[in-house]
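Below: one structure, written as structure tokens.
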Amino acid sequence: MATLKTTFPVDSIFHKWFVSRTKASPFTIDRDGAYFVDRDPFSFGVVLNYFRLRKAGQLWEACLPKDPDRLAMLTQEADFFLLPQLRDQAICMLQLCSNKNDSNYINEMLAKSTSCPQGFDKKDEDNEDF
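Each residue of the sequence shown is one higher than the last, beginning at 50 in my numbering.
Here it is, written out as structure tokens:
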């Protein structure tokens, strides 16, 4: 694996699959021993960069996409991989997008999410005085 096992946060599903072996790996392994991960490829690249940058002590938030659609997808992927810090930061960035633009689309996406089913609080949108 190019991304070393030591880069995985202990609570992540990657650590459970590859390090502690407490969960069976859902990945298919090809004849060359390479893993096939059937997840969103763009988001998976962000997840790998998150691991690498955190391990290096660098600003991992720099790897997050700026596009609300990609951020919404990343929240789902981070939730699947049990990466709450990554998920929460992506949600925070979605909220920033909603402050700049119409939040109806983002609220609709988050309402379908298990990680943030309530969407954004309407009260917070109305209190922009401070």
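Ideal placement from N, C-alpha and C gives every residue a C-beta, glycine not left out.
For Glu126, the enclosing alpha helix (DSSP H) covers residues 117 to 129. When rounded, the separation of the alpha-carbon atoms in Gln125 and Phe85 is 19 Å.
Contact annotation: Ala139 and Leu113 have beta-carbon atoms nearer than 8 Å. In this structure, Leu120 sits near Leu143, with a CB-CB distance shorter than 8 Å. Taking the Cβ atoms as the reference, Leu123 lies roughly 15 Å from Ser61, outside the contact range of under 8 Å.
As the crow flies, the alpha-carbon of His64 is around 31 Å from that of Leu145. Remark: C-beta atoms of Phe57 and Val68 approach each other more closely than 8 Å. The three-state reading of DSSP puts Phe63 in helix, counting H, G and I together. Looking at the DSSP output, Ile78 bridges to Tyr84.
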